[in-house]
Amino acid sequence: MKNLEVARLFDLMADLLELSGGNRFRIRAYRRAARNIESLAEDLETVAAEGRLDDIPGVGEDLAGKIAEYLATGRIRALDGLRAAVPAGVADLLAVPGIGPKTAMVLYEKAGVRTIDRLRALAQAGKLRGLPGIQAKTEANILRGIAIVEQGRARVPLGRALLLAEDLVRALEAVRGVDRVALAGSIRRGKETVGDIDILVTAADPNAVMAAFVDLPQVAEVLERGTTRTSVRHRDGIQVDLRVVEPASFGAALQYFTGSAGHNIRIREMAGRLGLKVSEYGVFREDSGRRVAAATEEDVYAAVGLPFIPPELREDAGEIEAALAGRLPSLVEPDDIRGDLHCHTRASDGHHSVDELVAAAAARGYAYVAVTDHSASATIAHGLSREALPAHLARIRAAEAAHPRIRVLAGTECDILPDGRMDYPDEQLARFDLVIAAVHSRLRQSKAEMTRRICRALANPYVHVLAHPTGRLFGERAPYEVDLDAVLRTARRFGKAVEINCCPQRLDLDGTHARRARDLGVLVAIDTDTHALDQLGTMRLGVTTARRGWVGREQVVNAWPLERLLAFTRGPRAGAAAPARRAAGRR
Numbered sequence: 156m157k158n159l160e161v162a163r164l165f166d167l168m169a170d171l172l173e174l175s176g177g178n179r180f181r182i183r184a185y186r187r188a189a190r191n192i193e194s195l196a197e198d199l200e201t202v203a204a205e206g207r208l209d210d211i212p213g214v215g216e217d218l219a220g221k222i223a224e225y226l227a228t229g230r231i232r233a234l235d236g237l238r239a240a241v242p243a244g245v246a247d248l249l250a251v252p253g254i255g256p257k258t259a260m261v262l263y264e265k266a267g268v269r270t271i272d273r274l275r276a277l278a279q280a281g282k283l284r285g286l287p288g289i290q291a292k293t294e295a296n297i298l299r300g301i302a303i304v305e306q307g308r309a310r311v312p313l314g315r316a317l318l319l320a321e322d323l324v325r326a327l328e329a330v331r332g333v334d335r336v337a338l339a340g341s342i343r344r345g346k347e348t349v350g351d352i353d354i355l356v357t358a359a360d361p362n363a364v365m366a367a368f369v370d371l372p373q374v375a376e377v378l379e380r381g382t383t384r385t386s387v388r389h390r391d392g393i394q395v396d397l398r399v400v401e402p403a404s405f406g407a408a409l410q411y412f413t414g415s416a417g418h419n420i421r422i423r424e425m426a427g428r429l430g431l432k433v434s435e436y437g438v439f440r441e442d443s444g445r446r447v448a449a450a451t452e453e454d455v456y457a458a459v460g461l462p463f464i465p466p467e468l469r470e471d472a473g474e475i476e477a478a479l480a481g482r483l484p485s486l487v488e489p490d491d492i493r494g495d496l497h498c499h500t501r502a503s504d505g506h507h508s509v510d511e512l513v514a515a516a517a518a519r520g521y522a523y524v525a526v527t528d529h530s531a532s533a534t535i536a537h538g539l540s541r542e543a544l545p546a547h548l549a550r551i552r553a554a555e556a557a558h559p560r561i562r563v564l565a566g567t568e569c570d571i572l573p574d575g576r577m578d579y580p581d582e583q584l585a586r587f588d589l590v591i592a593a594v595h596s597r598l599r600q601s602k603a604e605m606t607r608r609i610c611r612a613l614a615n616p617y618v619h620v621l622a623h624p625t626g627r628l629f630g631e632r633a634p635y636e637v638d639l640d641a642v643l644r645t646a647r648r649f650g651k652a653v654e655i656n657c658c659p660q661r662l663d664l665d666g667t668h669a670r671r672a673r674d675l676g677v678l679v680a681i682d683t684d685t686h687a688l689d690q691l692g693t694m695r696l697g698v699t700t701a702r703r704g705w706v707g708r709e710q711v712v713n714a715w716p717l718e719r720l721l722a723f724t725r726g727p728r729a730g731a732a733a734p735a736r737r738a739a740g741r742r
């Protein structure tokens, strides 16, 4: 988490320098360092302890000193100075997506905006339009940005919450006398954002567990302390609720506290019709009070006449009806994934070589991995020019030869241009084994324009996968306006896959849209969009999202054997002048 904290502080320092008219090279240095720190594959505290901060690209002696200062004291004096030099309230405006330093100063100087509340009121009243660079559409974007900020403060993205939660689980498992530890609540259901963290434990001495819990270094504040339930505020801000339950009722408690509320209401209604009562302590006969189920979740569901329902489906969104009819889907599992189809290297904006990526994918037991660096138009990501492609493809083929146990696909994340054309011409797209199409620019096109743009790209015979289909970033950017149903239907028409991007800031498609893709019969690719090797581990977030969308293994193209995947990628190219490739020999 320190990596993200320092990256955001350096970005803020760049913003504040820009507000005060600071040196543009200094501003760029902070922004470059922020990007590299955020993508760092190692823990920043470990790097600092080993004296390797200046090994991070863009981090020299000065910035290394500021990082060390923050890690030691929790503050950066230079940042305090920059804050003091900027009018009070202006820095807060920079937290709103879409408001840069220039717009923040216009709002401050021309409209007297000092707070987010004042900004919202003026935007809602239509009183910002007419200011330099601000129109009615700008006001609407500002209001959407405020909503994103407030949602981000209220709820934590799943990827971040899961890291915090698993850290706590490990700490509790090390407490003497603790027998079982399990996550519950929305984090177990895999919701894309989490309001709090729920943890259940069984232990012989609940008081000892609670004493150890409140003394953990992760705990910033004790909100409520009891014998069987304690609530704390994590040092990262999220609330954590710990409950100690009896071993005999562990399954009932896990089912009850996993939720959702709507799902549990339906279970209680079914129980009532059978003369049963369900609580966190078990399933009981109403007439005698005798407990008939409690030890496992399977027992609880069986008592009311249902098969086990996976946690990701427990949203009262048709899972009860499907279970009663024997139509619960067989969901994709983490072990079903045979490869990763969206990965970057230093050829564009990744932080490792092609060979390092292939070795890491092979170490995970993957049968295949795709190298998909950015195309030329993605200048901020150092996209590959057409002239650079032959040498890049040669590096990929060499890496494949050096790692005979894994198939390496030469791919590209190719930009979809504003009119729907691809960034590379067809004759160059034909040289790739896999083409992922992506929108990275002109995100504020109208809904009709964006829909036409993406659908045209999906019709291209050389495109296989649509990356992060809505373009959202948690706490930073709302989805662009697009008729996603039309996009999904176009993908189905042309036999293309849509991506569930595992990046914790994206999870795009989300579970709701993944289910729509599933219902329409659209193929899905679950990809990490890896830029640093540890991000290969985010695959589990995408699998969880797919499960929330009722997606099964057969629908996921990178759960297929290699031969079937290659048949898919070569299918649209029938009759095209794609270069011949050697026969596949791996599973």
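In this note's numbering, the protein residues as written are 156 to 742.
We put the CB at the ideal spot given by N, CA and C, even for glycine.
1. What is the rounded straight-line gap between the Cα of Arg736 and the Cα of Ile354?
2. Name the two residues that bound the continuous alpha helix (DSSP H) containing His114.
3. Where Pro312 and Gly697 are concerned, what is the direct C-alpha to C-alpha distance, given to the nearest angstrom?
4. Just list the residues that DSSP pairs Ser434 with in beta bridges.
5. In chain order, what residues of the same chain have a beta carbon less than 8 Å from the beta carbon of Ser601, not counting five sequence neighbours either side?
6. Mapping the DSSP letters down to three states, classify Ser503 as helix, strand or coil.
7. At the level of alpha carbons, what is the spacing between Ala162 and Trp705?
8. Does the distance from the CB of Arg493 to the CB of Ala522 come in under 9 Å?
9. Given that a residue counts as buried once 16 or more other Cβ atoms are within 10 Å of its Cβ, and exposed if not, what is Gly473?
10. Between the segment 359-375 and the segment 440-456, are three or more C-beta pairs nearer than 8 Å?
11. Since Asp495 contacts Val524 with CB under 8 Å, what's their CB separation in whole angstroms?
12. Between which residues of its own chain and Glu452 is the CB-CB distance below 7 Å, once the five residues before and five after are set aside?
13. Roughly how many angstroms lie between the CA atoms of Tyr617 and Arg586, to the nearest whole one?
14. Since I believe Thr683 is in contact with Thr699 (beta carbons under 8 Å), could you give me their beta-carbon distance rounded to a whole number of angstroms?
15. With which residues is Asn656 paired in a DSSP beta bridge?
16. What first and last residue would you give for the alpha helix (DSSP H) that runs through Arg163?
17. So, does the segment 621-638 touch the segment 652-662, judging by three or more C-beta pairs under 8 Å?
18. Going by C-alpha to C-alpha distance, which of Val400, Leu691, Thr685 and Arg644 sits closest to Arg673?
19. Looking at Glu654 and Ala687, is the spacing between their C-beta atoms short of 9 Å?
20. So, are the CB atoms of Ala722 and Asp491 less than 9 Å apart?
21. Just to confirm before moving on: does the CB-CB distance between Ala246 and Leu174 stay below 9 Å?
22. Since Asp265 contacts Leu286 with CB under 8 Å, what's their CB separation in whole angstroms?
23. What separation, rounded to the nearest whole angstrom, lies between the Cα atoms of Ala739 and Leu717?
24. Distance, Cα to Cα, Leu598 vs Thr201?
25. Indicate whether Asp574 and Val594 have their beta-carbon atoms separated by less than 9 Å.
26. Quick one: residues in its chain with C-beta nearer than 7 Å to the C-beta of Asp504, no 5 flanking neighbours on either side, listed in chain order?
In terms of the structure at hand:
1. Annotation note: pLDDT 36 at Arg736 (below 50); position unreliable, coordinate value reported separately. Roughly 51 Å between the two C-alpha positions.
2. The structure shown has nothing for residue 114, since the chain only spans 156 to 742.
3. 13 Å
4. Gly437
5. Glu636
6. coil
7. 36 Å
8. yes
9. exposed
10. no
11. 5 Å
12. Gly406, Leu409, Gln410 and Phe463
13. 10 Å
14. Going by Cβ atoms, the distance from Thr699 to Thr683 rounds to 13 Å, so no, they are not a contact pair.
15. Asp663 and Asp682
16. Lys157 to Leu174
17. yes
18. Arg644
19. no
20. no
21. yes
22. Reading off the sequence, residue 265 comes out as Lys, not Asp. Yes, they are in contact, since the Cβ atoms of Lys265 and Leu286 sit about 5 Å apart, within 8 Å.
23. The predicted model places Ala739 with a pLDDT of 34, which falls under 50 and marks its position as unreliable; any figure quoted below should be read in that light. Rounded to whole angstroms, Ala739 to Leu717 spans 7 Å at the Cα level.
24. 38 Å
25. no
26. His529, Ala536, His537 and His686
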